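Residues 1 to 385 in full-length UniProt numbering are what the sequence shown spells out, letter by letter.
For every residue, glycine included, the Cβ atom is placed at its ideal position computed from N, Cα and C.
This structure is a prediction, so every number in the text was calculated from the model and none was measured.
Each remark here refers to the structure printed beneath this line.
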Amino acid sequence: MTPFVKPGSRDGDYPDMAREAGSAALADAGIDYAQVQQGYVGYVYGESTSGQRAIYELGLTGIPVVNVNNNCSTGATALFLATQAVRSGAADCALALGFEKMQAGSLGATYDDREQPMMRHLLALAELHEFAMPPAPYMFGAAGREHMRRYGTTEQQFARIGEKNHRHSADNPYAQFQDVYTLDEIRSSAAVYEPLTKLQCSPTSDGSAAVVVASESFVERHGLAGQAVEIAGQAMVTDLPSTFDDESAISLVGAEMTRTAARQVYEQAGVDPSDVDVIELHDCFSTNELITYEALGLCAAGEGGRLVDAAETTYGGRWVVNPSGGLISKGHPLGATGLAQCTELTWQLRGRAERRQVEGANIALQHNIGLGGAAVVSAYRPANR
């Protein structure tokens, strides 16, 4: 992956970012682009066939290239499709690449002459909580308020997640932010939509990430077993009837999609949450990280705050969640986020995450969500263990 940076703060354009990340992934695998048989390229903001323009920086070999756009879950969706291609036998080696070149400030709509894809979700939420702008913090903030009302969760517990993730990112040279903040600084930063403050919200970012996905036979032929990481389970789930039938902000921001995908992945991988060591999850806002603890089965509904208070999701706890700093502090270039999560977990399982290494990491879990909607959950383990 490239370092994630503030929009417009790096030289070059999105093809340059894609070349940097893609070349690094190929070099890591010790292969040439000519050995890649399919490419899946994710981005949210861009013109049609930007995926081809990006991946052409690696070569012109005539392979199928698929452009992927699935809101904030775009990167993990590209990975899901690349994995499907390899597992089906359609390709022996595929490349999933994601990038984003974003505008500064809150996310906005590109087209104003048609219904917005999130309109059904927003209208449903507006029946529960008075509408506010910008939409993203409104939706996830409302979910946090619902959690507080139902379970007694406190704004301090949400703020502790922001403090944790900023602290983690201080050891990540790829993170957009590497500053450590006190809990008081997190809580007193500018209010966005209560209980969320600015330092509990992911920023807009520029960046790219890439992953080589290969079959077991390809790995063996190229002597890559010592560094390969196995995708032990993977599931993608879109909105369910419960998204709207529950009359719940928590369901509207995707908790049931996550819960369903996680159950499928645990079954595929033959593991349960207690077996997992390290997790990269979609903390677009601190409220969503806490809600996702419960959706991934780390604890029962309503007990996410207890995990926070007991420091169970940081170093020294039961799981290390978002050692990279997560979206809140590492950054969130939408098309690259899911692939950057995979990158971080690959480094963790190889024991190459340097100062943020999770000791004894053997099973890793990834969660990437996009409203409107899709949740992708993946489980990983080293191929040679």
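Per DSSP, the continuous beta strand (DSSP E) segment holding residue 230 begins and ends at 229-237. If you look at residue 354, you'll find it isn't in any alpha helix (DSSP H); DSSP assigns it neither H nor E.
In this structure, the CA atom of residue 99 is about 28 Å from the CA atom of residue 181. When rounded, the separation of the alpha-carbon atoms in residue 229 and residue 344 is 12 Å. DSSP places residue 85 inside the alpha helix (DSSP H), whose first and last residues are 74-88.
Counting of Cβ neighbours within 10 angstroms places residue 316 among the exposed residues, the total staying below 16. As DSSP reads the structure, residue 95 sits in a beta bridge with 39, 212. For residue 288, the enclosing alpha helix (DSSP H) covers residues 286-295. If you draw a straight line from the Cα of residue 294 to the Cα of residue 300, it comes to about 6 Å.
Three or more pairs of CB atoms, one per stretch, sit closer than 8 Å, so the stretch 275-283 contacts the stretch 352-370. In this structure, the alpha-carbon of residue 66 lies about 19 Å from that of residue 373. In this structure, the beta-carbon distance from residue 89 to residue 69 does not fall below 8 Å.
Assigned with DSSP and collapsed to three states, residue 125 falls in helix. Inter-residue distance for residue 205 and residue 346 is about 22 Å (C-alpha atoms, whole angstroms). The three-state secondary structure of residue 332, taken from DSSP, is coil. Counting C-beta atoms within 10 angstroms of its own C-beta, residue 274 has fewer than 16 neighbours from the protein chains shown and is therefore classed as exposed. With fewer than three CB-CB distances shorter than 8 Å, the stretch 238-248 does not count as touching the stretch 347-358. Counting only residues of its own chain and dropping the five nearest sequence neighbours on each side, residue 307 has a CB closer than 7 Å to the CB of 293, 298, 299, 313. When DSSP states are grouped into helix, strand and coil, residue 163 belongs to the helix group. Contact annotation: the stretch 212-219 does not touch the stretch 188-204, with fewer than three C-beta pairs closer than 8 Å. Cα atoms of residue 76 and residue 84: separation of roughly 12 Å, rounded to the nearest angstrom. Secondary structure at residue 149: helix, using DSSP grouped into helix, strand and coil. In the structure shown, residue 378 adopts extended strand secondary structure according to DSSP, grouped into three states. Straight across, the Cα-Cα distance linking residue 123 with residue 62 is about 44 Å. Residue pairing by DSSP places residue 365 opposite 279, 379 in a beta bridge. Membership of residue 193 in any alpha helix (DSSP H) is not indicated; the residue belongs instead to the beta strand (DSSP E) covering 191-193. For residue 265, the enclosing alpha helix (DSSP H) starts and ends at 255-269. Contact annotation: residue 72 and residue 369 have beta-carbon atoms nearer than 8 Å. Residue 60 counts as exposed, since fewer than 16 other beta carbons sit within 10 angstroms of its beta carbon.
Unbroken beta strand (DSSP E) stretches of 3 residues or longer found wholly inside the stretch 47-71: 65-68, given in chain order. Scanning its chain for C-beta atoms nearer than 7 Å, with the 5 sequence neighbours on each side dropped, one finds around residue 80 the residues 234, 236, 376, in chain order.
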